[in-house]
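A.B. asks:
Chains as they are written, first to last, in the numbering used here: chain A, 3 to 418; chain B, 946 to 1178.
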């Protein structure tokens, strides 16, 4: 009954109480939302490549190899010779191997030379394969398959001609050999979306008239002549390797790392991914810190609301005191109020989160390739909500103790 | 609750206000007998409010004894005094007596939540609240109305019903008629006296309005029973 009156008192101040609850709700929704995006991003990040057991490249750092081979960030310091590639391919227990050749670009997008096997073996988001949205996988030397972002950004459709530039962010374009868009891939949310894929032979073909990084003056080999040439690749940038049994992964990694002909590096994508996330994790922690600050701000806002209500409620407290309520009862009522506001705020915040997720999920997925799962609240989220409610009780102690003191001094006589 | 003899007895009560400008209030003797209606006349600043706070137990005296139906408040703890007030004293303020967000019945039953014995005495509390409201001339269906929808006169009567519920032996009223016009004052007092007489309840009312004197059994002036002095630091 006393609690019912405390609730009635809250309802009587519905405007300020409602605003306080709304502020808490939004902060909790933000906090939980950031947490969702964070875990979603982490999962999406880890989902960039799956099904590949080893990535092989020239010896450098594991994060660097991962960055340039999978995320198309940075460059390889060195290539792997075609001979080494074939030696690895010939190793026992190698189930499949896909070569990757990088170094050219089309507008702001990277060009990647590879084989048909790439489309078969490259997997993302727990084993999903690349799907062709329009057209088909390249079957001619001058065919190219482009990622969804490339097509969307540059407005390409199937059969459009494109010109590949040598080097990155370079103005010297391989004008002699225009390519044709043979297919456009479905959006994956991985760097493949931002990649122009051509065959390994095509990489050689566009470099026929180039020596030492510059075009030989006056030399321009026609396409039909190039078609007749031997376009055996001389080097690859990296290779994706699948082994027959996961148990052999470490043995093979060691074998490749100890390859005597050339310094090579083989990495486990998952391990390198963890290492990379450890670096990115600082930003993630900062994001979490900022959103927890927002929650704290909302709770301090509630404390301010309670503080400012104390004066206008002196009469109410005096009545309670005159009727025999102890100062401790007054304190308890204020803490109860805060707990009710914080609980309503936290639960409303959870509701906002789910409404927001329902609306944003398809948009975020198509725009950023970030999949935000809508599940029942996790244990962590329940802890967050309980934490907010407890923090609400704790911050309310400050105004509650003030009310306690005031009601001790005022007693039941308030001069209004 | 039927009480005979003395309901309230103050003896050699002394109280010092805390703070730098130390003032003290002394009340050598004050008694209220069972069923008696006593008017305490005093101007503002005469220490009335402090005296009421002492009697109600929201502040403890520095010396002396405050006996209410045989219990010395000065010997009780703060919580004990709060409980005692809930059980034994009905309080009526000048105005703004009611919790505006509660219904009439919420307000009338409020003291019973802090006083289990008084609740027992009240029996069917809602029925008693309804009867009291009826006896005080309030409309029949008023008890579920929200307190802030009532007129000031109606609010004061609800405050009387709240003071009377569970029949505490003593009612303390702090200028309960000052917010009412002359006609309402007279009706209000008539109804109050009828109820206190019916339950043999003692009434201690504080006012500065001398016109009320003739309706009370006994009238005392604040300056005759109490002294306010500045203490040399």
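For glycine and all other residues, C-beta sits at the position ideal for the given N, C-alpha and C.
For residue 206 (chain A), which of helix, strand or coil comes out of DSSP?
C.D. replies: Taking the first residue of the first chain as position 1, residue 206 (chain A) is located at position 204. Looking at residue 206 (chain A) - three-state DSSP - the assignment turns out to be helix.
A.B. asks: Using a Cβ-Cβ cut-off of 6 Å (strictly less than) and excluding sequence neighbours within five positions of residue 1008 (chain B), which residues of its own chain qualify?
C.D. replies: Translated into the one-based positions of the second chain, residue 1008 (chain B) becomes position 63. So the qualifying residues of the chain are 959.
A.B. asks: When you compare the CB positions of residue 347 (chain A) and residue 36 (chain A), do they come within less than 8 Å of one another, or not?
C.D. replies: Here residue 347 (chain A) refers to the residue found at position 345 when the first chain is read from its first residue. Here residue 36 (chain A) refers to the residue found at position 34 when the first chain is read from its first residue. No, Cβ-Cβ distance for residue 347 (chain A) and residue 36 (chain A) is not below 8 Å.
A.B. asks: Residues bridged to residue 1116 (chain B) by DSSP?
C.D. replies: Along the second chain, one-based indexing puts residue 1116 (chain B) at 171. Beta-bridge pairing links residue 1116 (chain B) to B:1035, B:1148.
A.B. asks: Less than 8 Å between the C-beta atoms of residue 374 (chain A) and residue 366 (chain A), yes or no?
C.D. replies: Locating residue 374 (chain A) in the first chain gives position 372, counting from the first residue. Locating residue 366 (chain A) in the first chain gives position 364, counting from the first residue. Result yes, Cβ atoms of residue 374 (chain A) and residue 366 (chain A) sit closer than 8 Å.
A.B. asks: What's the C-alpha gap between residue 160 (chain A) and residue 142 (chain A)?
C.D. replies: The sequence position of residue 160 (chain A) within the first chain is 158, counting from 1. The sequence position of residue 142 (chain A) within the first chain is 140, counting from 1. Computed Cα separation, rounded: 14 Å.
A.B. asks: For a test of the three-state rule: what should DSSP assign to residue 98 (chain A), helix, strand or coil?
C.D. replies: Start at 1 with the first residue of the first chain, and residue 98 (chain A) comes out as number 96. Strand, per DSSP.
A.B. asks: Short of 6 Å in beta carbon distance, which residues of its chain neighbour residue 1097 (chain B), apart from the five on each side in sequence? Order them along the chain.
C.D. replies: Walking along the second chain from the start, residue 1097 (chain B) turns up at place 152. Excluding sequence neighbours, residue 1097 (chain B) sits near 1124.
A.B. asks: Do residue 244 (chain A) and residue 54 (chain A) have their CB atoms nearer than 8 Å?
C.D. replies: Numbered from 1 along the first chain, position 242 holds the residue referred to as residue 244 (chain A). Numbered from 1 along the first chain, position 52 holds the residue referred to as residue 54 (chain A). For residue 244 (chain A) and residue 54 (chain A), yes; Cβs fall inside 8 Å.
A.B. asks: Just to confirm, is the Cβ distance from residue 115 (chain A) to residue 103 (chain A) under 8 Å?
C.D. replies: Locating residue 115 (chain A) in the first chain gives position 113, counting from the first residue. Locating residue 103 (chain A) in the first chain gives position 101, counting from the first residue. In contact: residue 115 (chain A) and residue 103 (chain A) (Cβ atoms closer than 8 Å).
A.B. asks: Would residue 129 (chain A) pass as a contact of residue 46 (chain A) if the rule is Cβ separation under 8 Å?
C.D. replies: Residue numbering aside, residue 129 (chain A) sits at position 127 when the first chain is read from its first letter. Residue numbering aside, residue 46 (chain A) sits at position 44 when the first chain is read from its first letter. No. Outside cutoff.
A.B. asks: Nearest-angstrom Cα distance between residue 408 (chain A) and residue 1029 (chain B)?
C.D. replies: In the first chain, residue 408 (chain A) corresponds to position 406, counting from 1. In the second chain, residue 1029 (chain B) corresponds to position 84, counting from 1. Roughly 21 Å separates the two Cα atoms.
A.B. asks: Does the Cβ of residue 90 (chain A) have 16 or more other Cβ atoms within 10 Å, making it buried, or fewer, making it exposed?
C.D. replies: Counting from one through the first chain, the residue named residue 90 (chain A) turns up at place 88. Flag for residue 90 (chain A) reads buried.
A.B. asks: Whole angstroms are fine: how far does the CA of residue 399 (chain A) sit from the CA of residue 20 (chain A)?
C.D. replies: For the purposes of this step, residue 20 (chain A) is taken as residue 18 along the first chain, with counting starting at 1. For the purposes of this step, residue 399 (chain A) is taken as residue 397 along the first chain, with counting starting at 1. Whole-angstrom Cα-Cα distance: 20 Å.
A.B. asks: For residue 1161 (chain B), does the three-state DSSP call read helix, strand or coil?
C.D. replies: Reading the second chain from its first residue, position 216 is the one you call residue 1161 (chain B). Residue 1161 (chain B) falls in the coil class under three-state DSSP.
A.B. asks: Can you pull the chain B neighbours of residue 328 (chain A), defined as C-beta to C-beta under 9 Å?
C.D. replies: For the purposes of this step, residue 328 (chain A) is taken as the residue at position 326 of the first chain. What residue 328 (chain A) touches in chain B: 1023, 1024, 1027, 1028, 1059.
A.B. asks: At a CB-CB cut-off below 7 Å, which residues of chain A make contact with residue 1004 (chain B)?
C.D. replies: Counted from its first residue, the second chain places residue 1004 (chain B) at position 59. Residues of chain A passing the Cβ test: 413.
A.B. asks: Could you please tell me which residues of the stretch 7 to 39 of chain A, in chain order, have their CB closer than 8 Å to any CB of chain B?
C.D. replies: Residues passing the 8 Å Cβ filter: 7, 10, 11, 13, 14.
A.B. asks: By the criterion of Cβ-Cβ separation under 8 Å, what are the contact partners of residue 1036 (chain B) in chain A?
C.D. replies: The residue labelled residue 1036 (chain B) in the question sits at position 91 within the second chain. Ordered by position in chain A, the residues that pass the 8 Å Cβ test against residue 1036 (chain B) are 324, 325, 414.
A.B. asks: On the DSSP letters alone, give me the boundaries of the alpha helix (DSSP H) that residue 1168 (chain B) sits inside.
C.D. replies: Residue numbering aside, residue 1168 (chain B) sits at position 223 when the second chain is read from its first letter. Its alpha helix (DSSP H) spans residues 1167 to 1170.
A.B. asks: Let me check one thing: in DSSP terms, what residues is residue 125 (chain A) bridge-paired to?
C.D. replies: As a working note, residue 125 (chain A) is residue 123 in the first chain. Paired residue(s): A:52, A:131.
A.B. asks: Quick one, which of B:1073, B:1101, B:978 has its alpha-carbon nearest residue 1163 (chain B)'s?
C.D. replies: One-based indexing of the second chain puts residue 1163 (chain B) at position 218. Comparing Cα positions, the closest option is B:978.
A.B. asks: Please classify residue 171 (chain A): does DSSP put it in a helix, a strand, or coil?
C.D. replies: Taking the first residue of the first chain as 1, we reach residue 171 (chain A) at position 169. Residue placement at residue 171 (chain A) is poorly supported in this model, since its pLDDT is 48, which falls under 50; the coordinates still yield a value, given next. Note: residue 171 (chain A) maps to coil in three-state DSSP.
A.B. asks: If the cut is a Cβ gap below 8 Å, which residues of chain A does residue 1047 (chain B) touch?
C.D. replies: For the purposes of this step, residue 1047 (chain B) is taken as the residue at position 102 of the second chain. Neighbours of residue 1047 (chain B) on chain A, chain order: 7, 10.
A.B. asks: With distances taken from CA atoms, which of B:973, B:1092, B:1059, B:990 is nearest residue 1048 (chain B)?
C.D. replies: Locating residue 1048 (chain B) in the second chain gives position 103, where the first residue counts as 1. Among B:973, B:1092, B:1059, B:990, the Cα nearest to that of residue 1048 (chain B) belongs to B:1092.
A.B. asks: Can you give me the Cβ contacts of residue 38 (chain A) inside the same chain, cut-off strictly under 6 Å, excluding the 5 residues immediately before and after it?
C.D. replies: Numbered from its first residue, the first chain carries residue 38 (chain A) at position 36. For residue 38 (chain A), where only same-chain residues beyond five positions count, the Cβ hits under 6 Å are 374.
A.B. asks: State the beta-bridge partners of residue 1012 (chain B) as determined by DSSP.
C.D. replies: Locating residue 1012 (chain B) in the second chain gives position 67, where the first residue counts as 1. DSSP lists B:954, B:1017 as partners of residue 1012 (chain B).
A.B. asks: So, helix, strand or coil for residue 327 (chain A), using DSSP?
C.D. replies: Residue numbering aside, residue 327 (chain A) sits at position 325 when the first chain is read from its first letter. Coil at residue 327 (chain A), not helix or strand.
A.B. asks: Output the distance between the C-alpha atoms of residue 1144 (chain B) and residue 26 (chain A), rounded to the nearest integer angstrom.
C.D. replies: For the purposes of this step, residue 1144 (chain B) is identified with residue 199 of the second chain, where counting begins at 1. For the purposes of this step, residue 26 (chain A) is identified with residue 24 of the first chain, where counting begins at 1. In a straight line, the C-alpha of residue 1144 (chain B) is about 52 Å away from that of residue 26 (chain A).
A.B. asks: Go ahead and label residue 414 (chain A) buried or exposed: buried means 16 or more other beta carbons lie within 10 angstroms of its beta carbon, across all protein chains shown.
C.D. replies: Here residue 414 (chain A) is taken as the residue at index 412 of the first chain, counted from 1. Buried.
A.B. asks: Expressed to the nearest angstrom, what Euclidean distance is found between the alpha-carbon atoms of residue 950 (chain B) and residue 15 (chain A)?
C.D. replies: Taking the first residue of the second chain as 1, we reach residue 950 (chain B) at position 5. Taking the first residue of the first chain as 1, we reach residue 15 (chain A) at position 13. Each residue's Cα considered, the two are about 47 Å apart.
A.B. asks: Can you pull the chain B residues whose beta carbon is under 7 Å from the beta carbon of residue 3 (chain A), in chain order?
C.D. replies: Taking the first residue of the first chain as 1, we reach residue 3 (chain A) at position 1. Those are 1058, listed as they occur along chain B.
A.B. asks: Let me make sure I understand the geometry here. Which of A:289, A:99, A:135 has the alpha-carbon closest to that of residue 123 (chain A)?
C.D. replies: On the first chain, residue 123 (chain A) is found 121 positions in, with the first residue counted as 1. Selected option, being the one with the closest Cα: A:99.
A.B. asks: Does the stretch 271 to 287 of chain A touch the stretch 131 to 146 of chain A, meaning 3 or more C-beta pairs lie closer than 8 Å?
C.D. replies: Cβ pair count under 8 Å is below three, so no.
A.B. asks: Using a Cβ cut-off of 8 Å, pull out every chain A residue sitting near residue 1078 (chain B), in sequence order please.
C.D. replies: Looking up residue 1078 (chain B) in the second chain gives position 133. Near residue 1078 (chain B) there are no residues of chain A at all, since even the closest Cβ is about 17 Å away, more than 8 Å.
A.B. asks: Would you check if the distance between the CB atom of residue 405 (chain A) and the CB atom of residue 319 (chain A) is smaller than 8 Å?
C.D. replies: Mapped onto the first chain, residue 405 (chain A) falls at position 403. Mapped onto the first chain, residue 319 (chain A) falls at position 317. A contact, by the Cβ cut-off of 8 Å.
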